[in-house]
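Using this note's numbering, the letters of the sequence shown map in sequence onto residues 1 to 316. Yeah, the Cβ is synthetic: ideal placement off N, Cα and C, and Gly gets one too.
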Amino acid sequence: MPAFNILVINKLAERHIAAIKSAAPDSTVLAAEPADAGRHIGDANIVATWGTADFRPLFTQAPELRWVHALSAGVEKLLFPEMLNSSVKLTNSRGIHGIPMSEHVLSLILAFTRGLHVLFKQQQQQIWQRTPLEEVYEKTIGIVGLGSIGREVAKRAKALGMRVIAAKREQTAELFVDELYLPDQLTDLLKTADFIVVALPLTAQTRHLFTTALFRQMKPSAYFINVSRGAVVNEADLTAALREGTIKGAALDVFEQEPLPQSSPLWTMPNVIITPHIAAISPYYLDRAIKLFCQNLTSFAAGEDMVNLIDKQKGY
Ligand code: OXD
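So, in structure tokens, the structure goes:
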């Protein structure tokens, strides 16, 4: 078994280090905070880091690097020109987000339908006042992007008695989806969905996909939920759609600029729920990410195909 210098740019528990060592027994494994990573990058053959962190300065000091694994699903900060023009392999952690992110999506939907965003504000002012409430039962959820996250959302929505429709690049047999649309049929989905959930990766094709033209296809009673990447949406167009009543509300975990600037009108809109890019957070996140990394490490050491290999030109 070949020996590698493995650098993980994140704090790790002993059990994570032990798991990595048992996948590549002769290798050295170091876990470093971003500020310390520079001291170890020169020898590193394999790096695990966040796809949302600026890795470019380290990459240019890493002549021995052969593979970068993103601990996140997003790899947007890893697609810089030196990486694209190199033979360094890139993988990500897609597939481990489904449970926390689908729970987050469902809690946002239920927060709107059960009026929690209104009731919580009233509680702070000690106001006892009923507010109109809705049900999700037999309502239509439209999931745009049916990967591992979208599928978990579909499964949970079905359990609540919802009609599930989804848009996906190709037709597949889906257990929890009532109707599947191809990308060129997206407007058919938008016209009928009561809740639109965006779970797409950010690519050249999906950047600013949601503009005024698409918000105008949605029902005025529709809620828009984005847990993917802020740049999939033209935020100014979304803000206008919310202000003008083109749609009823939005729950947003991701934004074009993060942290969301204090000057953003979204902060104070009564029909908006904001969460600070936390939909994937779970006490089990790192356990799952390291398990996936170890699975790929075994394949890499054996010269076999790894899962979640990113096509660097396509960006996903
Ligand atoms: C990710 C995320 O990319 O949580 O993993 O946004």
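Chain-ordered list of residues that sit, by beta carbon, closer than 5 Å to a heavy atom of the ligand MN: Absence of the ligand MN is noted for the structure shown, with the ligand OXD being the only ligands found.
Contact check, His16 vs Leu286, beta carbons under 8 Å: Cβ atoms of His16 and Leu286: closer than 8 Å.
Enclosing beta strand (DSSP E) for Thr28 [first to last residue]: Taken as a continuous stretch (DSSP letters only), the beta strand (DSSP E) holding Thr28 covers 28-31.
Bounding residues of the alpha helix (DSSP H) (the contiguous stretch that carries Glu179): Run containing Glu179: none in the alpha helix (DSSP H); it sits in the beta strand (DSSP E), 179-181.
C-beta atoms of His104 and Asp253 nearer than 8 Å: Yes, Cβ-Cβ distance for His104 and Asp253 is below 8 Å.
Spatial neighbours of Gly323 in its chain, beta-carbon cut-off 8 Å, leaving aside the 5 residues before and after: Because the chain is modelled from 1 through 316, residue 323 falls outside the range shown and cannot be assessed.
Length at least 3, wholly inside the stretch 198-276: the beta strand (DSSP E) runs in chain order: Correct list: 223-226, 249-252, 272-274.
Arg56 and Asn308 closer than 8 Å at C-beta: The Cβ-Cβ distance between Arg56 and Asn308 does not fall below 8 Å.
Neighbourhood of Asn5 by C-beta distance below 6 Å, restricted to the same chain and skipping five residues each side: Closer than 6 Å at Cβ, skipping near neighbours: Thr28, Asp43, Ala44, Asn45.
Identity of the residues DSSP links to Trp128 by a beta bridge: Answer is none; Trp128 lacks a bridge partner.
Delimiting residues of the alpha helix (DSSP H) encompassing Ala70: Looking at the DSSP string, Ala70 is not in any alpha helix (DSSP H); the run it does join, the beta strand (DSSP E), is 67-70.
Same chain, Cβ closer than 7 Å to Leu133, five either side skipped, listed in chain order: Correct list, in chain order: Thr113, Arg114, Gly115.
Meets three-Cβ-pair contact criterion under 8 Å: the stretch 214-222 and the stretch 238-248: Judged by Cβ distances under 8 Å, the stretch 214-222 makes contact with the stretch 238-248, as three or more pairs qualify.
Rounded straight-line distance, which links the Cα of Tyr181 to that of Asp188: Looking at the two C-alpha atoms, the distance is approximately 8 Å.
Sequence-distant residues of the same chain with beta carbon closer than 6 Å to Val177, five excluded per side: Cβ neighbours of Val177 beyond the five flanking positions: Ala154, Val164, Ala166.
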